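In this note's numbering, the protein residues as written are 78 to 648. Quick reminder that beta carbons are idealized off the backbone N, C-alpha and C, glycines included. Owing to the predicted nature of the structure, the values given are computational and were not obtained by experimental measurement. Everything on this sheet refers to the single structure shown next.
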Amino acid sequence: MKEILSKAKNWLSDTFDTHTRQQTQHLIENDAKKLKDSFYKNLAFGTGGMRGIMGVGTNRINKYTLGKNTQGISSYLKKQFPNEQLQVAIAYDCRHNSKELAQIVANVFSANGIKVFLFSDLRPTPELSFAVKHLNCQCGIVLTASHNPPEYNGYKVYWKDGGQLVPPEDAEIINEIENLEYQHINFEAKKELIQFIDKEVDEAFIAASIKNGSFNASAEAKSALKIVFTSLHGTSITLIPEVLKRAGYTHVKVVEEQAEPNGDFPTVKSPNPEEPEALKMALDLAEKEQADIVIGTDPDGDRLGIAVRNQEGEMMVLNGNQAMVLMTDFLLKEHQQNQGFKGDEFIASTIVSTPMMQKLAAHYGVECKVGLTGFKWIAKMIKDFPKQEFIGGGEESFGFMVGDFVRDKDAVTSTLLICEIAAEAKNKNSTVYHQLLELYKTHGLYQEELVSLVKKGIEGAQEIQEMLKKLREETPTHFGGIAVKKVEDYQASEVIDIETGEKTSLDIPKSNVLIYHLEDGTQIAARPSGTEPKIKFYVSTNAALDKTENYATVKQELDHKIESVLSYFNF
78 MKEILSKAKN WLSDTFDTHT RQQTQHLIEN DAKKLKDSFY KNLAFGTGGM RGIMGVGTNR
138 INKYTLGKNT QGISSYLKKQ FPNEQLQVAI AYDCRHNSKE LAQIVANVFS ANGIKVFLFS
198 DLRPTPELSF AVKHLNCQCG IVLTASHNPP EYNGYKVYWK DGGQLVPPED AEIINEIENL
258 EYQHINFEAK KELIQFIDKE VDEAFIAASI KNGSFNASAE AKSALKIVFT SLHGTSITLI
318 PEVLKRAGYT HVKVVEEQAE PNGDFPTVKS PNPEEPEALK MALDLAEKEQ ADIVIGTDPD
378 GDRLGIAVRN QEGEMMVLNG NQAMVLMTDF LLKEHQQNQG FKGDEFIAST IVSTPMMQKL
438 AAHYGVECKV GLTGFKWIAK MIKDFPKQEF IGGGEESFGF MVGDFVRDKD AVTSTLLICE
498 IAAEAKNKNS TVYHQLLELY KTHGLYQEEL VSLVKKGIEG AQEIQEMLKK LREETPTHFG
558 GIAVKKVEDY QASEVIDIET GEKTSLDIPK SNVLIYHLED GTQIAARPSG TEPKIKFYVS
618 TNAALDKTEN YATVKQELDH KIESVLSYFN F
């Protein structure tokens with residue numbers, strides 16, 4: 078605690094503004110627990126950049142932690158691109174302080190002689206990824222904490238290819254930031270270097286989204302599709318209704334109570350489309366309107382939740398894996414019919430997403446590249462294999478990317494894509510749900526479940542580390558009576574054969590992830606979240622489905638198996 082107190086007292090110096098000093102003094106005098114959590118570490122870059130609770134301290138999002146990041150990035154940009162006109166693009170979402178923090182970040186970049194393109198109002202994250210390439214920037218920043226609770230904000234860094242930071246730049250930038258002191262931050266803006274952007278970039282992004290997300294559904298099919306859309310108080314309200322309208326969809330009902338951007342997210346417990354509860358108002362409106370499909374996006378407009386009608390005509394929320402395989406199969410089928418495959422195409426997924434993606438790839442004769450959690454790794458695949466064509470890909474956490482014009486998950490274009498799939502299906506007297514069952518009949522019924530345990534603060538972080546340490550030291554040999562065949566330890570970069578004890582290397586960047594492969598094909602993964610105070614457990618199992626009428630029976634059997642497997646952890 079002595080070291081924490083010393084760090085906190087540094088924030089009482091003249092380097093910091095009066096308000097910050099007063100808040101820090103208040104913590105020192107009145108709230109030891111909060112003081113400890115605010116200063117016990119420096120806020121770190123995780124899966125999706127830097128994300129944390131807003132407030133004073135080194136472990137909080139504030140003008141100084143973000144200013145220090147920006148100062149470090151400015152220095153790094155000058156070293157990496159010494160003879161170029163440096164340019165960055167900055168966007169922000171609907172969260173509290175996002176606009177103000179975006180302006181501070183713009184000020185620091187400009188103070189360092191860097192040209193800044195700053196969106197004049199909130200925009201979805203995928204548009205920032207697009208803008209980086211469109212405006213020939215070396216870097217991009219978006220102020221967002223995705224679907225985290227209202228007290229959070231964050232800072233995502235994009236590089237010149239439009240993808241998020243990956244090795245080696247991430248470690249080099251972190252090193253640059255850590256070598257700085259707070260007094261080194263230059264907050265004195267050069268206003269002539271800050272240019273506000275909006276409609277011109279919007280128009281270019283909308284055009285690209287429609288080009289990449291449209292697949293010749295007829296005007297009749299589009300007008301017959303009944304869509305309900307909710308932005309969950311987030312940024313996608315600025316683009317998705319307009320994209321659908323211009324693409325020819327005339328029957329779109331917006332959940333008006335959730336259309337206004339609001340960082341308090343007043344109508345939902347969590348603005349996360351992964352949670353069926355977040356889509357309740359949209360589902361209620363869908364019943365009233367007899368809609369065919371419901372789409373909801375998270376606050377920064379990169380993830381989407383989808384609900385469609387099942388065989389009984391009831392609305393059913395698809396999970397991220399189901400949405401991903403439906404969209405990927407559609408893209409592959411379209412590519413096969415219109416261009417054919419040359420042998421250099423690939424789709425992409427992540428190590429904790431459904432193995433059904435590999436089945437789809439094998440079926441169409443294309444490659445499926447699998448990376449660590451986070452779309453930055455999919456963007457890196459595109460960058461690392463420029464001679465290969467990326468068709469599409471996603472991850473289980475409700476993100477999908479269509480083509481490579483955007484290098485991050487993109488709910489705008491993906492919304493259009495799933496509407497094309499639904500419109501075409503309805504036009505053929507089918508449904509999205511029926512198409513999913515047909516995919517299960519062809520490739521096997523893959524059933525996945527995610528369990529997230531929230532562990533807040535210092536004690537929670539330690540508890541998560543202890544859980545993973547115990548799993549490594551006491552390797553399970555069985556889950557629910559099913560033997561473990563092998564274990565992939567991404568932190569140790571090795572695969573362990575449980576029967577022989579033989580170890581082989583894993584050729585993928587290190588990450589604190591364990592994946593257990595059971596002898597019946599079931600997979601269990603454990604990993605700490607890179608953006609929230611959670612440890613996550615993922616289970617995937619599968620079985621043959623001889624006919625779609627047996628779906629409910631086979632699914633029930635798989636659900637029982639998942640329940641049995643998860644009982645090992647005593648949740």
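Alpha-carbon spacing of residue i relative to residue j, whole angstroms
i: residue 628; j: residue 512; result: 13 Å
i: residue 428; j: residue 98; result: 44 Å
i: residue 231; j: residue 218; result: 10 Å
i: residue 114; j: residue 131; result: 12 Å
i: residue 484; j: residue 455; result: 8 Å
i: residue 78; j: residue 589; result: 28 Å
i: residue 435; j: residue 487; result: 22 Å
i: residue 501; j: residue 298; result: 6 Å
i: residue 82; j: residue 261; result: 22 Å
i: residue 121; j: residue 241; result: 15 Å
i: residue 170; j: residue 314; result: 11 Å
i: residue 194; j: residue 273; result: 6 Å
i: residue 318; j: residue 290; result: 14 Å
i: residue 165; j: residue 254; result: 18 Å
i: residue 88; j: residue 551; result: 43 Å
i: residue 535; j: residue 604; result: 17 Å
i: residue 493; j: residue 591; result: 35 Å
i: residue 623; j: residue 518; result: 6 Å
i: residue 302; j: residue 437; result: 27 Å
i: residue 172; j: residue 144; result: 18 Å
i: residue 568; j: residue 388; result: 43 Å
i: residue 103; j: residue 111; result: 10 Å
i: residue 561; j: residue 600; result: 9 Å
Cβ shell of residue i (< 6 Å), same chain only, five flanking positions each side left out
i: residue 408; result: 468 and 469
i: residue 574; result: 563
i: residue 480; result: 289
i: residue 597; result: 559
i: residue 208; result: 166 and 278
Best match in the options for proximity to residue i [C-alpha to C-alpha]
i: residue 614; options: 368, 646 and 397; result: 646
i: residue 337; options: 317, 193 and 312; result: 312
i: residue 251; options: 146, 598, 340 and 191; result: 146
i: residue 224; options: 459, 474 and 442; result: 474
i: residue 460; options: 233, 94 and 244; result: 244
i: residue 288; options: 503, 497 and 516; result: 497
i: residue 167; options: 178, 463 and 157; result: 178
i: residue 373; options: 635, 360, 432 and 520; result: 360
i: residue 570; options: 422, 560 and 583; result: 583
i: residue 586; options: 579, 472, 448 and 364; result: 448
i: residue 572; options: 556, 465, 557 and 549; result: 549
i: residue 636; options: 612, 522, 553 and 560; result: 522
i: residue 413; options: 529, 440 and 490; result: 440
i: residue 368; options: 304, 101 and 490; result: 304
i: residue 212; options: 190, 238 and 222; result: 238
i: residue 198; options: 162, 292, 293 and 316; result: 316
i: residue 215; options: 160, 432 and 411; result: 160
Bridge partners - residue i, DSSP secondary structure assignment
i: residue 229; result: 130
i: residue 566; result: 571 and 591
i: residue 445; result: 424
i: residue 504; result: In the DSSP output, where bridge partners are listed per residue, residue 504 has none listed.
i: residue 605; result: 612
i: residue 349; result: Bridge partners of residue 349: none, in fact.
i: residue 169; result: 220
i: residue 560; result: 555
i: residue 619; result: 523
i: residue 469; result: 424 and 479
i: residue 194; result: 166 and 272
i: residue 529; result: 613
i: residue 155; result: Residue 155 is not bridged to any residue.
i: residue 542; result: Residue 542 is not bridged to any residue.
Sequence-distant residues of its chain with Cβ nearer than 7 Å to residue i (five each side left out)
i: residue 335; result: 307, 308, 309, 310, 344 and 358
i: residue 116; result: 81, 84, 85, 134, 135 and 136
i: residue 246; result: 236
i: residue 639; result: 524, 526, 616 and 618
i: residue 174; result: 131 and 230
Neighbourhood of residue i by C-beta, 8 Å cutoff - its chain only, sequence neighbours within 5 removed
i: residue 265; result: 184 and 188
i: residue 403; result: 395, 495, 498, 509, 512, 513 and 516
i: residue 249; result: 153
i: residue 356; result: 307, 350, 371, 373, 382, 384 and 394
Ignoring anything shorter than 3 residues, give me the beta strand (DSSP E) runs that lie fully in the region 268-316, in order along the chain. 271-274 and 304-307
Would you mind listing the beta strand (DSSP E) stretches within the region 346-423 that are 3+ residues and don't spill past its ends, in chain order? 370-374, 381-386 and 392-394
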